Amino acid sequence: MTRPAVYSLRRRLLGWLLISTAVIGVLALIDTYREAVKTADIVSDRVLAGSALAIAERVVVAEDGTLEVDIPYVALEMLTSAAQDRVFYRVDGPPGQFITGYQTLPSVSDMKGQSTAYGDASFRGEQIRLAVLSRSASTGINSVPFTVTVAETTIARRQLTQAILLRSALRLALMILGAAVIVWIAVTVSLRPLYRLADAIAERSPNDLHPIEQSVPSEIQGLVETVNSFMVRLQSALDALRHFSGNASHQLRTPLAIIRTQLALSARATTLEEAHIAARKGDEAVAHAERILTQLLLMAKIDAAGSSAPQPLARIDLTALAQGIIADHVPRAAEMGIDLGFEGEGEAFIRAEPLLIGELLRNLIENAISYAGKQAEITARIVSSPDVTRLEVEDNGPGIPPGRRHMVRQRFARGGETQAPGMGLGLPIVEEIAGLFGGTLSLSDGADGRGLKVTVGFPPAEAF
Ligand SMILES: Nc1ncnc2c1ncn2[C@@H]1O[C@H](COP(=O)(O)OP(=O)(O)O)[C@@H](O)[C@H]1O
Ligand SMILES: [Mg+2]
523 MTRPAVYSLR RRLLGWLLIS TAVIGVLALI DTYREAVKTA DIVSDRVLAG SALAIAERVV
583 VAEDGTLEVD IPYVALEMLT SAAQDRVFYR VDGPPGQFIT GYQTLPSVSD MKGQSTAYGD
643 ASFRGEQIRL AVLSRSASTG INSVPFTVTV AETTIARRQL TQAILLRSAL RLALMILGAA
703 VIVWIAVTVS LRPLYRLADA IAERSPNDLH PIEQSVPSEI QGLVETVNSF MVRLQSALDA
763 LRHFSGNASH QLRTPLAIIR TQLALSARAT TLEEAHIAAR KGDEAVAHAE RILTQLLLMA
823 KIDAAGSSAP QPLARIDLTA LAQGIIADHV PRAAEMGIDL GFEGEGEAFI RAEPLLIGEL
883 LRNLIENAIS YAGKQAEITA RIVSSPDVTR LEVEDNGPGI PPGRRHMVRQ RFARGGETQA
943 PGMGLGLPIV EEIAGLFGGT LSLSDGADGR GLKVTVGFPP AEAF
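For the sequence shown, the residue numbers in the numbering used here are 523 to 986.
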C-alpha cells in the first residue's frame, strides 16, 4: 500500500522558480519603467529647451522699449515631428507682461536662479511637459528680462515608455518560459535514475533480496543504503523463518510418527495394560516434540536477535541466575543419584538478556545430567576475574573425546548412540547465545582428566 503522493517535486520546483522569477521580474520592470521615463524626459527635454532657445533668440526690444518676437515656426516644427503631440508656447516680458502665445499656458514661476527649468503640468485637459527659458534682451542701455515657455503634450513620451516597458515585459516572460522549460527538462532528466531504480526493484522476484547496485545520485544514496540494510535484515529474518520451518518439519516427523503408531497400537490394544503402555509412549513422544519445538523456537529467536538492531542489554548477576536454575534441577538430578552442586561467591555481573542466558545454562546442566550417567557429580561454577567472567559446568561422566568436540558443536550433531532425548541443538544454542553477548564456548576435560568441562567466558559488565 502506498500513500498518495503529497506533492510533485517537479511542480514544486517549477512553482518556486515561477514565483521567484515573477517577483524579481516585477521589480526589474518597475525599475525599467522609471529608467524609461527618465530617459524619455532627458531626450525630449533637450528638444524642448532647444526650441525655447530658438524662440528666445528672436526676441528683440522694439524702438518703444517693448519686446517683440517673431516666432520661428521651425522651432516648433522640430517638436511636432514626434507624434500626435501638440505644441504650445508663450513669451512673457518683465513680470506681468504677456507678449505672445497661449496666455493660459502654465509656466514655471520660480526659476530658482536657473536659466532653464522644466516641469509637468496639465493644459486643456492634457498632460504637458514644459521648458521655461529665462533670458534678457538688451537695448544697449538696459536689458529687459523675458521668459519663453514651450510646452508639449506627452503622448509620444508615454508611447515610448510604454513600448520600452512592453518589450521588457515580453523579454521577461520569454525568459521565465525558457527557464520553466529548462527546469522541466532538468527535473525529468534528474529523476530518471529514480524511475530506473523503481523499475529495477519492481522487476525483482519476491525472493531476490540482494542489495540494490544501481548507481544513483548522491541525494538518494542514503535512501538506497537504508533500503539495502533493510533487505539484509529481511533476508536474515526470512532465512531464520525458512531454517525454522525446515528444521521443524524435519525434526517433528519422528515424534509425530511415533505418536501415530502409539495411537494406532492403543486403538488395537486388547488389554488395558497394552493401552497404558501405548499411551505412555505416545505421551513421551509428545513431550519430545514439545522439547524440539522449544529448542527450535529458541534457535529462531537467536537468529532473529542476531540480525536485528542491537538492543541495550540488562546488567545481570550470573551467580544469582545460576543458583536459581541449579535449584530447579536438583530434584531431577537427585532422582538419578546425581550430585548437582554450585560453586561461586559474590556477584558476577555481565551484560546480557537473562532469558537467553537461562536457556544457555539449562542446556548445559541438562546435557550433564543426560550424558554423565547415574551417580555422577556435576558442578556448576562462576569464576570471576577482572577481564572475564567464566561460567563452568563440569561433570565426571564419560566426556567427549577431543576429536569429537568440534563436531558436537554443530547443529543437529549428536554424539554416538544415545537414548537421551535431544536433537543436537543444545551446544549450538549455547554457543550462539554466548556469541550474542560477546562470550565464547570451550570444551575441555573435567577434573583429573575425566568427564567434560564446558566453559563459557563472558566479558564482565564493567568492561563494556
Ligand atoms: N556433558 C556431556 N558429557 C558427554 N557428552 C556430552 C555432554 N554434553 C554433550 N555431549 C555430547 O554432545 C552431543 C551434542 O549435545 P547437544 O548439542 O546438547 O545435543 P543433544 O543433547 O540434543 O544431543 C550430545 O549428543 C552428546 O553426545
Ligand atoms: Mg543437549
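Where is the CB? At the ideal position from N, CA and C, for every residue including glycine.
The structure presented is a predicted model; accordingly, all values stated were derived computationally and were not measured.
Which of the three DSSP states, helix, strand or coil, is assigned to Tyr624? coil
Just to confirm my understanding: we take Gly968, look at its own chain, exclude 5 residues before and 5 after, and list those with CB closer than 7 angstroms. What are they? Excluding the 5 residues flanking it on each side, Gly968 has same chain C-beta neighbours closer than 7 angstroms at Glu916, Asp917, Asn918, Gly921, Leu974, Lys975, in chain order.
Gly979 Cβ short of 8 angstroms to ligand 2 heavy atom set: no
May I ask you to report which of helix, strand or coil DSSP gives Val631? The residue asked about is misnamed: residue 631 is Ser in this sequence, not Val. Ser631 falls in the coil class under three-state DSSP.
Does the distance between the C-beta of Arg903 and the nearest non-hydrogen atom of ligand 1 fall short of 8 angstroms? no
Under 8 angstroms: does the beta carbon of Arg525 sit that close to some heavy atom of ligand 1? It does not: the Cβ of Arg525 is nowhere closer than 8 angstroms to a heavy atom of ligand 1.
Assuming Ala659 contacts Val666 (C-beta within less than 8 angstroms), just tell me the rounded distance between them. 5 angstroms
Option nearest Glu585 by Cα separation, candidates Pro628, Gln625, Asn664: Selected option, being the one with the closest Cα: Asn664.
Compute the Euclidean distance between the alpha carbons of Gln636 and Phe645, then round it to the nearest angstrom. 24 angstroms
Once the 5 residues before and after Phe986 are set aside, which same chain residues still bring their CB inside 7 angstroms of it? In this prediction, Phe986 has a pLDDT of 48, which is less than 50 and means its spatial position is unreliable; what the coordinates show is noted afterwards. Contacts found: Arg873.
Suppose you measure from the CA of Thr710 to the CA of Ile698; what does that come to, to the nearest Å? 18 angstroms
Is Phe934 helix, strand or coil by DSSP? coil
Pull up the CB-CB distance for Leu598 and Ser573, whole angstroms please, since I reckon it's below 8 angstroms. Indeed, because the Cβ distance is near 6 angstroms, the residues count as touching under 8 angstroms.
Taking DSSP as the reference, what is the three-state secondary structure of Val754? If DSSP states are grouped into helix, strand and coil, Val754 belongs with the helices.
Could you tell me which residues DSSP puts in a beta bridge with Lys896? According to DSSP, which records beta bridges pairwise, Lys896 is partnered with nothing at all.
Relative to the alpha-carbon of Ala789, which residue among Ala801, Leu778, Ala779 has its alpha-carbon at the smallest distance? It is Ala801 whose Cα lies nearest to the Cα of Ala789.
Candidates Arg775, Ala842, Leu840: which alpha carbon is nearest Ile814's? Arg775
By the DSSP assignment, the alpha helix (DSSP H) with Tyr717 in it spans what residues? 677-725
Quick check: is any heavy atom of ligand 2 less than 8 angstroms from the C-beta of Asn889? yes
Select from Asp563, Glu954, His851 the residue whose C-alpha is nearest the C-alpha of Leu878. In terms of CA proximity to Leu878, Glu954 leads the group Asp563, Glu954, His851.
Output the distance between the C-alpha atoms of Gln932 and Ile951, rounded to the nearest integer angstrom. 9 angstroms
Can you list, in chain order, the residues of its chain with a C-beta nearer than 6 angstroms to that of Arg608? Leave out the 5 residues immediately preceding and following it. Thr675
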